[in-house]
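There are 2 protein chains.
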Amino acid sequence: MEPAETQVRFGILGCAEIAKKLSRAITLAPNAALYAVASRSLEKAKAFASANGFPPSAKVYGSYEALLDDPDVDAVYVPLPTSLHRQWVVKAAGKKKHVLLEKPVALNAAELDEILGACESNGVQFMDATMWMHHPRTAVMKELLNDSERFGQPKMIHSTFSFAGGPDFLTNNIRTDPNLDSLGALGDIGWYCIRAILWATAYDLPQTAVASRHPVLNDYGVILSCGGSLYWPDGKVATFYCSFLTSLTMDLTILGTKSSLRIHDFAIPLDENEKTASFYVTSQFGNPLVREEAVACELPQEAGMVREFARLVAGIKGNGNKPEEEWGVLSRKTQVVLDAVKASIDRDFEAVEIVM
Amino acid sequence: MEPAETQVRFGILGCAEIAKKLSRAITLAPNAALYAVASRSLEKAKAFASANGFPPSAKVYGSYEALLDDPDVDAVYVPLPTSLHRQWVVKAAGKKKHVLLEKPVALNAAELDEILGACESNGVQFMDATMWMHHPRTAVMKELLNDSERFGQPKMIHSTFSFAGGPDFLTNNIRTDPNLDSLGALGDIGWYCIRAILWATAYDLPQTAVASRHPVLNDYGVILSCGGSLYWPDGKVATFYCSFLTSLTMDLTILGTKSSLRIHDFAIPLDENEKTASFYVTSQFGNPLVREEAVACELPQEAGMVREFARLVAGIKGNGNKPEEEWGVLSRKTQVVLDAVKASIDRDFEAVEIVM
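Residue numbers (UniProt numbering), protein chains in the order written: chain A, 1 to 356; chain B, 1 to 356.
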């Protein structure tokens, strides 16, 4: 079956594990279609396509270049290891492909600037694949945060993302390989914590980052566990912790002057089959003091992300809209904070100024 | 009605707000009796006694000295402002009174050492009034933490205690008066956070404290809001936040290698009338992933505290037991961490080594 005219045709660069979830999301999003997949091995690409619901008409390529040369690919989803992002996103943008890029988006802000520059100069949409941003729960929580009567101002934010990786993960996974994802846990899951903190402060960039002492690195210097504190001149404070060595947590707590918000699965709803996801509000004078708010979710959050990305792409293709630059700005803010935490680790936990 | 022979006779030094709660606790504890109250104003002491369930036979004194001179007072509860603790506890111990002391126990570890020294040399029991330590929920959580099969080892601990004090509190309360409680929020509620962190690590003293930048002080230099990070050489990390300027939170989250424990009212159960109090356990491979554990509570936690303190006192009086020194050790560990955080604030957020 050919994609409908109004559907954005996706090509997937690489057959990473996470690409399975995104393939399903592209299938579920009404304005997107699985159109092509590429791997350095044609066999692997074929197997991926048949296992992940690609239509019989889908294109299967044995090289990333070949997929990028296909003029019918509107957009690429890039789940490649971080060290390959710059090279392939710059090429994809040069071929006028819109780019949905897995996080961490780059090894550092300088690399990200090349990526964003290529997207901008080619007029293509950029978005990082921070899926939870697109869950309806996130929008409902944002309404609360924006309501100064109910929430007040945020004062303290704490976020964790951890899971126990296990021996095989810690030695063989690309996320702990210094040549592929040298940022390790900080890039892979610390990204979510830092984004959540920025999101909670309406993207008010902190002034200073101080990394936590005694981070755990593997033999190659890749971060397995770390954390840090972020400070704003107005007194706001945030702390985060990310680890491949601790049991599963995805906590986000935002303390406001009038109430506080607490969520224990902010990045991925713990039960992905549930049609609702919850957060908790504590109010000093509320009754009850702790209130659960359940938010309905019609599509998985990753499908919501694909739908929003495809909507922007369709607007550019069909209506001549400009790309939405906000997504690049959010990626860059996240990256500069991440870079500052990394710099603080490298400089013996010195306070590092965060500059955009 | 005279106290039964087996009941420890309590005298209360001062009519602080918190003393109302403790009077009720002494009434509820089966092995304790309200015996005397003292205030610098006899009228105030009389009013307090009649409003707080003291028996008609209770003694009412117009000075703290007079109460301490009463040979029938076995133990004193001391809710005086922190700056008065050293003076009055040393006097009370000299009169062989056992001492239940409100937190923060002292302005610094040197003062606490005088307090503990006086208690030790007079053979009296010392205990600080950290009430949540005596809630049955605390014991059930400790069982989980001690179970290396279920919980593993703690890796990251985060604790907050905050409430929105309001203008009157912030200007007129003793807890924000530099002459009475110069440690402000750090002493009053940060004490709980620090104790909770130590409790979670089986009182493994951290090596280093780094205070959060931009604490909020009032015009007299009293802390209204602050926080910090604590580091252990084995990689454990803890963060805390305490504030009189943020809405009500009492969070404690302990991330272990096999599961994590989360509680949102660790210091005082949000609904004190409930007969149960809950905590939450997340296990990576658990089903459900988040499990609520409700613990029954027959007595309010402060009555459980009085009962335990009175049990120790009765053992000393009746059986010639030695005072339980562990309670002094816990107070001192809490105080030295608190002192290190304060020193880090005073030294521009330098890392401060914690020494016992």
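Ideal placement from N, C-alpha and C gives every residue a C-beta, glycine not left out.
Cβ-based neighbour list, residue i, same chain, cut-off 6 angstroms, excluding 5 preceding and 5 following
| i | result |
| --- | --- |
| L312 (chain A) | Q125, E324 |
| residue 381 (chain A) | Because chain A in this structure spans residues 1 to 356, residue 381 (chain A) falls outside the shown range and cannot be described. |
| residue 359 (chain B) | Because chain B spans 1 through 356 in this model, residue 359 (chain B) falls outside it and cannot be assessed. |
| G304 (chain B) | H134 |
| P79 (chain A) | G14, A16, I18, A19, E102 |
| residue 363 (chain A) | The structure shown does not extend to residue 363 (chain A), since chain A spans only 1 to 356, so no value can be given for it. |
Per-residue DSSP class, three states only, for residue i
| i | result |
| --- | --- |
| Y241 (chain B) | strand |
| F10 (chain B) | strand |
| A202 (chain B) | coil |
| G94 (chain A) | helix |
| C297 (chain A) | coil |
| G256 (chain A) | strand |
| L180 (chain B) | coil |
| T82 (chain B) | helix |
| R213 (chain B) | coil |
| F279 (chain A) | strand |
| S247 (chain B) | strand |
| H135 (chain A) | coil |
| G227 (chain B) | strand |
| P154 (chain A) | strand |
| D113 (chain B) | helix |
| I268 (chain B) | coil |
| I189 (chain B) | helix |
Cα-Cα separation between residue i and residue j, rounded to whole angstroms
| i | j | result |
| --- | --- | --- |
| P178 (chain A) | T334 (chain B) | 41 angstroms |
| L330 (chain A) | M127 (chain A) | 9 angstroms |
| E326 (chain A) | I18 (chain A) | 24 angstroms |
| Y192 (chain A) | E114 (chain A) | 22 angstroms |
| G320 (chain B) | A66 (chain B) | 27 angstroms |
| F48 (chain B) | Y231 (chain A) | 45 angstroms |
| I268 (chain B) | A294 (chain B) | 15 angstroms |
| F54 (chain A) | F279 (chain A) | 35 angstroms |
| L338 (chain B) | C297 (chain B) | 30 angstroms |
| S344 (chain A) | L84 (chain B) | 42 angstroms |
| I254 (chain A) | N146 (chain A) | 12 angstroms |
| D72 (chain B) | K46 (chain B) | 19 angstroms |
| L261 (chain B) | M250 (chain B) | 14 angstroms |
| G3 (chain A) | G227 (chain A) | Per the sequence shown, the amino acid found at residue 3 (chain A) is Pro instead of Gly. Each residue's Cα considered, the two are about 44 angstroms apart. |
| V99 (chain B) | F169 (chain A) | 54 angstroms |
| Q284 (chain B) | Q87 (chain B) | 51 angstroms |
| N273 (chain A) | Q301 (chain A) | 11 angstroms |
| V89 (chain A) | K21 (chain A) | 20 angstroms |
| V306 (chain B) | K275 (chain B) | 19 angstroms |
| A118 (chain A) | E111 (chain A) | 11 angstroms |
Proximal residues to residue i (C-beta, below 7 angstroms), its chain only, five neighbours per side dropped
| i | result |
| --- | --- |
| L68 (chain B) | K91, A92, K95, K97 |
| T6 (chain A) | N31, A314 |
| L205 (chain A) | K333, I354, M356 |
| L217 (chain B) | I223, L224 |
| V210 (chain A) | G228, S229, S344, F349, A351 |
Top-ranked residue by Cα proximity to residue i, from the options
| i | options | result |
| --- | --- | --- |
| G328 (chain B) | B:C242, B:N273, B:L338, B:L116 | B:L116 |
| G235 (chain A) | A:N321, A:A25, A:Q207 | A:Q207 |
| H214 (chain A) | A:S278, A:C242, A:I189, A:V237 | A:C242 |
| A109 (chain B) | B:D204, B:K342, B:E350, B:A351 | B:K342 |
| E102 (chain A) | A:S121, A:N146, A:I189, A:R347 | A:I189 |
| D346 (chain B) | B:T246, B:V222, B:L252 | B:V222 |
| T130 (chain A) | A:N218, A:A196, A:A211, A:Y61 | A:A196 |
| A106 (chain A) | A:V281, A:M250, A:L186 | A:L186 |
| S57 (chain B) | B:Y77, B:N122, B:A33 | B:A33 |
| V336 (chain A) | A:P104, A:T82, A:G256 | A:P104 |
| H264 (chain A) | A:V352, A:L245, A:F161 | A:F161 |
| N172 (chain B) | B:K21, B:L252, B:A118, B:D219 | B:D219 |
| S148 (chain A) | A:L22, A:G256, A:K21, A:L245 | A:G256 |
| A25 (chain A) | A:L299, A:G318, A:A340 | A:L299 |
| V281 (chain A) | A:F309, A:L252, A:L270 | A:L252 |
| I174 (chain A) | A:R137, A:D74, A:D271, A:T82 | A:T82 |
| W132 (chain A) | A:N52, A:I194, A:E120 | A:I194 |
| A75 (chain A) | A:K59, A:V8, A:E120 | A:V8 |
8 angstroms Cβ cut-off: residues of chain C touching residue i
| i | result |
| --- | --- |
| T246 (chain A) | Included in the structure are the protein chains A and B, with no chain C among them. |
Own chain partners of residue i with C-beta closer than 8 angstroms, once the 5 adjacent residues on each side are dropped
| i | result |
| --- | --- |
| T201 (chain A) | P154, I157, W232, K236, A238 |
| I316 (chain B) | H98, G123, V124, Q125, K322, P323 |
| S212 (chain A) | C226, G227, G228, S229, Y241, F349 |
Original post:
With contact counted as at least three CB pairs below 8 angstroms, one residue from each stretch, are the segment 36 to 43 of chain A and the segment 12 to 24 of chain A in contact?
Top reply: yes
Original post:
Taking one C-beta from the segment 161 to 170 of chain B and one from the segment 136 to 150 of chain B each time, how about it: are there three or more such pairs within less than 8 angstroms?
Top reply: no
Original post:
So, do the segment 168 to 187 of chain A and the segment 280 to 293 of chain A have three or more beta carbon pairs nearer to each other than 8 angstroms?
Top reply: no
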